[in-house]
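Enquirer: Chains as they are written, first to last, in the working numbering: chain A, 1 to 430; chain B, 1 to 430.
#1: Where in the stretch 265 to 306 of chain A do unbroken runs of the alpha helix (DSSP H), each at least 4 residues long, occur, reported from the N-terminal end onward?
#2: Specify whether the stretch 216 to 223 of chain A and the stretch 250 to 268 of chain A touch according to this definition: at least 3 beta carbon pairs, one from each stretch, less than 8 angstroms apart.
#3: Give the straight-line distance between the Cα atoms of residue 24 of chain B and residue 228 of chain B, rounded to the nearest whole angstrom.
#4: In angstroms, rounded to a whole number, what distance separates the CA positions of residue 1 of chain A and residue 122 of chain B?
#5: On the DSSP letters alone, give me the boundaries of the beta strand (DSSP E) that residue 388 of chain A sits inside.
#6: Check whether the Cβ atoms of residue 392 of chain A and residue 356 of chain B sit closer than 9 angstroms, and answer yes or no.
#7: With DSSP as the reference, identify every bridge partner of residue 350 of chain A, one or two as the case may be.
#8: Can you give me, in chain order, the residues of the stretch 331 to 352 of chain B that have a beta carbon less than 8 angstroms from any beta carbon in chain A?
#9: Using only the alpha-carbon positions, how far apart do residue 425 of chain A and residue 268 of chain B sit?
#10: Taking 8 angstroms as the limit between beta carbons, can you name the residues of its chain near residue 497 of chain A, skipping five residues before and five after?
#11: With burial defined as no fewer than 16 other Cβ atoms inside 10 Å of the residue's Cβ, what is the status of residue 165 of chain A: buried or exposed?
#12: Mind listing, in chain order, the continuous beta strand (DSSP E) runs of no fewer than 3 residues lying wholly within the stretch 105 to 175 of chain B?
#13: Whose CA, out of B:296, B:264, B:248, B:293, lies closest to the CA of residue 283 of chain B?
#14: Does the stretch 44 to 62 of chain B come into contact with the stretch 287 to 295 of chain B, if we say contact requires no fewer than three beta-carbon pairs (one atom in each stretch) closer than 8 angstroms?
#15: Looking only at C-alpha atoms, which of B:189, B:153, B:29, B:106 sits nearest to residue 58 of chain B?
#16: Measuring straight from C-alpha to C-alpha, what distance separates residue 305 of chain B and residue 272 of chain B?
#17: Go through its chain and collect everything with a Cβ distance to residue 217 of chain A's Cβ below 7 angstroms, but skip five positions before and after it.
#18: Given that a residue counts as buried once 16 or more other Cβ atoms are within 10 Å of its Cβ, and exposed if not, what is residue 28 of chain B?
#19: List the endpoints of the continuous alpha helix (DSSP H) containing residue 243 of chain A.
#20: Taking the DSSP output, what are the residues bridged to residue 225 of chain A?
#21: Once you ignore the five residues that flank residue 349 of chain A on each side, which residues in its own chain have a CB closer than 7 angstroms to its CB?
#22: Please tell me whether residue 265 of chain B and residue 371 of chain B are closer than 9 angstroms, where the distance is taken between their beta carbons.
#23: How about residue 86 of chain A: is its C-beta nearer than 9 angstroms to some C-beta of chain B?
#24: Out of curiosity, what's the CA-to-CA distance linking residue 99 of chain B and residue 93 of chain B?
#25: Using CA coordinates, which residue listed in A:385, A:151, A:326 is at the minimum distance from residue 378 of chain B?
#26: Report the three-state DSSP secondary structure of residue 6 of chain B (helix, strand or coil).
#27: Using a Cβ-Cβ distance cut-off of 9 angstroms, determine whether residue 397 of chain A contacts chain B.
#28: Any C-beta of chain A within less than 8 angstroms: which residues of the stretch 285 to 302 of chain B qualify?
#29: Alpha carbon to alpha carbon, what distance is there between residue 346 of chain A and residue 239 of chain A?
#30: Take residue 365 of chain B and list the residues in its own chain whose beta-carbon comes closer than 7 angstroms to its own, dropping the five residues that flank it on each side.
#31: From residue 40 of chain B to residue 195 of chain B, what does the alpha carbon distance come to, in whole angstroms?
#32: Could you name the residues of chain B that residue 394 of chain A contacts, counting a contact when the two beta carbons are closer than 8 angstroms?
#33: Secondary structure at residue 184 of chain B, three-state DSSP: helix, strand or coil?
#34: Pick from A:353, A:105, A:324, A:404: whose alpha carbon is nearest that of residue 376 of chain A?
#35: Given a threshold of 16 other Cβ atoms within 10 Å of its Cβ, counted over all protein chains shown, does residue 415 of chain A qualify as buried or as exposed?
#36: Taking only beta-carbon atoms, is residue 139 of chain A less than 9 angstroms away from chain B?
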């Protein structure tokens, strides 16, 4: 864990280093991924079967090897322990309600020159959702990706998920049932992303691909950006907690660790104006780590990437937070509003002492797919808009053309595009 | 020009080939671009100066070589011929008005469990706009990129544009003045995109990069996607005109040619239910080409990529249009509403006989930066949203935590994330 103090002479340099540290895998898989994408594009299902046997140890022969049926998903849902089923249902309902309010409105108006202008939003026809296999197969993640797509009105929602050695994750199947997923294919890695983008004999292509994955999946999405739409490239998760000294250090330590337990490359940062509180949180992290079943990951993350920054006053915090542009920002103070107003760049903000980040991971309602690695400077969390697109429209009559046509002719001529000018002139009888 | 008829036995196959034909450069510049990006990242302004001399024949030594001053832009604007200046001002005003209505609303509500939920939209701090040099340097394109950024509230708007052999384009400077651009740098190519993304000693980095460019510029943006935000990768332009036989063939021919004159790889497609009208349009294209100063480009585009599709009834047109998902779609019929309602995938739609696509290129109001190459299936035209990002927020009190906290604990335990559960339990006094 790194301890910084804004009063120290070396602070600016150390903080700049922290801001620049991306913690992302620099594993260069671009070439290998390109070979896989080309292979699936050219050979389709045969390539999928070979790659799935090679990487997942799973043989794709009959239909049940390829695809998990809707019945199997429903059975997994019905078999859930009732408390867990109710929790999953509450999460789905709250996520749905929050995202329903994101549906954009169409527009259609006639302006003073008589030109009718507007835009209509429509869902994409089909969306593909990558769900990792193994430990990182989170049902919450499936809900957070699938529900915005359903709310958008996507007609066909396809999940791809690797089933290493044939193993399926019943929680993920249950979530797929609850979210109304239409197809679940037992493929993963770059080859699954390729199948979604290009289509194969078995799998029809989709228009948008979202969902978390390893470096190969992320690179496949990046290479296929433009062939399909994708969500933002995601790096390791991070939390920034801004806290005064009147917090319970146990709570704040748990919040920092809830990020750290995700991934050894995750980052937890505390900014506080109270040095004694900082010490207490650091101690408490040690105490909680000793009891934590996920201590191995969390310790590695905290030791390598954890940071405590002491500030003279919390007024200094927003500038630091804006430079860090963190995925999650907690404002653990009595009145978080002034700080909140000053924070320009953050994926999601958790206001006050009673809002741990974990509540946002599961069921507060907003999406937990958020920009990481300072991308909150320009990117937003996943939303219904990622599964929709806008078509603008224009309608003119002769009067409207008389009003604005001549200016279009002047501009077309200035740009050296005479056929543009001609198409307007003809309608003006010139 | 290719002539198809939906009644012909070979139609489906020919149409599928048309849909798949991407017309995009398969020039593989990925490796060369990567070398340039690394060079600018490592050596900054020195690399920029070398590359600019090499590719643009322009020496970057004193400040005036690097940058075009605000005064020079204002002078270019003042020197415009008055009719052209008025046309540019009308375009800017109409584009601004249309885009102002795109500004998204924040949300902030408290739900029935006492959880406060919402989202705030904020502009990115800085945006970079690529403006090609030479023939394709269109002032309209500068306005279409810069005005949405200004409407979004972007604080710093930076233009990069190559000035081959030192030559500047006064129309572009005038548009930069009118749009309120803050900085104009005389650099281009992948090196300019790298400078915007990484920053150099002279040029501070930006958060979002938009604007058209050649294959090198497009590849640089693609590789830097994630370091910065970018607009959609753009390919050659295209128009689909759906017209009945009661149109003036001269008008429709001019519309088809207004697309063709952009680029030899541009594509113009006519769908009509009237074979005689189809013949007349084809003839008229020939007549107009004979007079067109841009005939060389337009002829190459029309001969290589032009298509006329005869349908038995215009009711067949929407399905074809949705498969093509064209950038521009004209509906040249008396009542375009039924066709418009059936078209799901299009960048922009031009309704009725009096709405040539060229009017949308310049000053109707909607953006002319639109998804090409079937990307209208999942992508939208450039908008104010491309220069903004959304931060979600959550605020809970003790009662709200009692209402939804236990479900979060159940989900965290099911996912094997005990610190997540702990951060909630502590707040519930468990």
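Every residue gets a Cβ at the ideal spot worked out from N, C-alpha and C, and that includes glycine.
Expert: With the structure as the only source:
#1: 275 to 291, 295 to 305
#2: As far as the Cβ criterion goes, the stretch 216 to 223 of chain A does not touch the stretch 250 to 268 of chain A, which means the pair count is below three.
#3: Sequence index remark: in the second chain, residue 24 of chain B carries index 24 (1-based). Sequence index remark: in the second chain, residue 228 of chain B carries index 228 (1-based). Here the C-alpha atom of residue 24 of chain B lies approximately 24 angstroms from the C-alpha atom of residue 228 of chain B.
#4: Locating residue 1 of chain A in the first chain gives position 1, counting from the first residue. Locating residue 122 of chain B in the second chain gives position 122, counting from the first residue. For residue 1 of chain A and residue 122 of chain B, the distance between alpha carbons rounds to 32 angstroms.
#5: Counting from one through the first chain, the residue named residue 388 of chain A turns up at place 388. Start and end: 388 to 395.
#6: On the first chain, position 392 is the one that residue 392 of chain A refers to. On the second chain, position 356 is the one that residue 356 of chain B refers to. For the pair residue 392 of chain A and residue 356 of chain B, the CB atoms are not nearer than the 9 angstroms cut-off.
#7: Sequence index remark: in the first chain, residue 350 of chain A carries index 350 (1-based). DSSP output for residue 350 of chain A lists A:330, B:394 as bridge partner(s).
#8: 336, 340, 343, 344, 345, 346, 347, 348, 349, 350, 351, 352
#9: Counting from 1 along the first chain, the entry for residue 425 of chain A is found at position 425. Counting from 1 along the second chain, the entry for residue 268 of chain B is found at position 268. When rounded, the separation of the alpha-carbon atoms in residue 425 of chain A and residue 268 of chain B is 20 angstroms.
#10: As displayed, chain A neither begins before 1 nor continues past 430, which places residue 497 of chain A out of reach and without an answer.
#11: As a position in the first chain, residue 165 of chain A is number 165, starting the count at 1. Label assigned to residue 165 of chain A: exposed.
#12: You should have 107 to 110, 116 to 123, 126 to 130, 156 to 160.
#13: By one-based count along the second chain, residue 283 of chain B stands at place 283. Considering only alpha carbons, the answer is B:248.
#14: no
#15: Residue 58 of chain B sits at position 58 when you count from the first residue of the second chain. Minimum Cα distance to residue 58 of chain B is reached at B:189.
#16: By one-based count along the second chain, residue 305 of chain B stands at place 305. By one-based count along the second chain, residue 272 of chain B stands at place 272. The alpha-carbon atoms of residue 305 of chain B and residue 272 of chain B are separated by roughly 17 angstroms.
#17: One-based indexing of the first chain puts residue 217 of chain A at position 217. So the qualifying residues of the chain are 130, 189, 190, 193.
#18: The sequence position of residue 28 of chain B within the second chain is 28, counting from 1. So residue 28 of chain B ends up on the exposed side.
#19: Residue mapping note: residue 243 of chain A aligns to position 243 of the first chain, counting from 1. Run containing residue 243 of chain A: none in the alpha helix (DSSP H); it sits in the beta strand (DSSP E), 238 to 243.
#20: For the purposes of this step, residue 225 of chain A is identified with residue 225 of the first chain, where counting begins at 1. In DSSP, residue 225 of chain A forms a bridge with A:228.
#21: Locating residue 349 of chain A in the first chain gives position 349, where the first residue counts as 1. Within the same chain, residue 349 of chain A has close Cβ partners 329, 331, 340, 343.
#22: Here residue 265 of chain B is taken as the residue at index 265 of the second chain, counted from 1. Here residue 371 of chain B is taken as the residue at index 371 of the second chain, counted from 1. Their beta carbons are not under 9 angstroms apart, which means residue 265 of chain B does not touch residue 371 of chain B by this criterion.
#23: Position 86 of the first chain, counted from the first residue, corresponds to residue 86 of chain A. Yes, because at least one Cβ of chain B sits closer than 9 angstroms to the Cβ of residue 86 of chain A.
#24: Residue mapping note: residue 99 of chain B aligns to position 99 of the second chain, counting from 1. Residue mapping note: residue 93 of chain B aligns to position 93 of the second chain, counting from 1. Residue 99 of chain B and residue 93 of chain B have their C-alpha atoms spaced approximately 10 angstroms apart.
#25: Counted from its first residue, the second chain places residue 378 of chain B at position 378. The shortest C-alpha separation from residue 378 of chain B is found at A:385.
#26: Translated into positions along the second chain, residue 6 of chain B becomes position 6. Correct three-state label for residue 6 of chain B: coil.
#27: In the first chain, the residue the question calls residue 397 of chain A occupies position 397. Yes, residue 397 of chain A counts as interfacial toward chain B.
#28: 288, 292, 293, 294, 298
#29: For the purposes of this step, residue 239 of chain A is taken as the residue at position 239 of the first chain. For the purposes of this step, residue 346 of chain A is taken as the residue at position 346 of the first chain. C-alpha separation (whole angstroms): 10 angstroms.
#30: Counting from 1 along the second chain, the entry for residue 365 of chain B is found at position 365. So the qualifying residues of the chain are 94, 95, 97, 98.
#31: Taking the first residue of the second chain as position 1, residue 40 of chain B is located at position 40. Taking the first residue of the second chain as position 1, residue 195 of chain B is located at position 195. Taking the straight line joining both Cα atoms gives about 7 angstroms.
#32: Counting from one through the first chain, the residue named residue 394 of chain A turns up at place 394. The contacting residues are 348, 349, 350, 351, 355, 359, 360, 364, 365, 366.
#33: Residue numbering aside, residue 184 of chain B sits at position 184 when the second chain is read from its first letter. In the structure shown, residue 184 of chain B sits in a strand (DSSP, three-state: E or B).
#34: Position 376 of the first chain, counted from the first residue, corresponds to residue 376 of chain A. The candidate whose alpha carbon is nearest that of residue 376 of chain A is A:324.
#35: Taking the first chain and counting its residues from 1, the one referred to as residue 415 of chain A is at position 415. Buried, since its Cβ has 16 or more Cβ neighbours within 10 Å.
#36: Locating residue 139 of chain A in the first chain gives position 139, counting from the first residue. So yes, residue 139 of chain A belongs to the interface.
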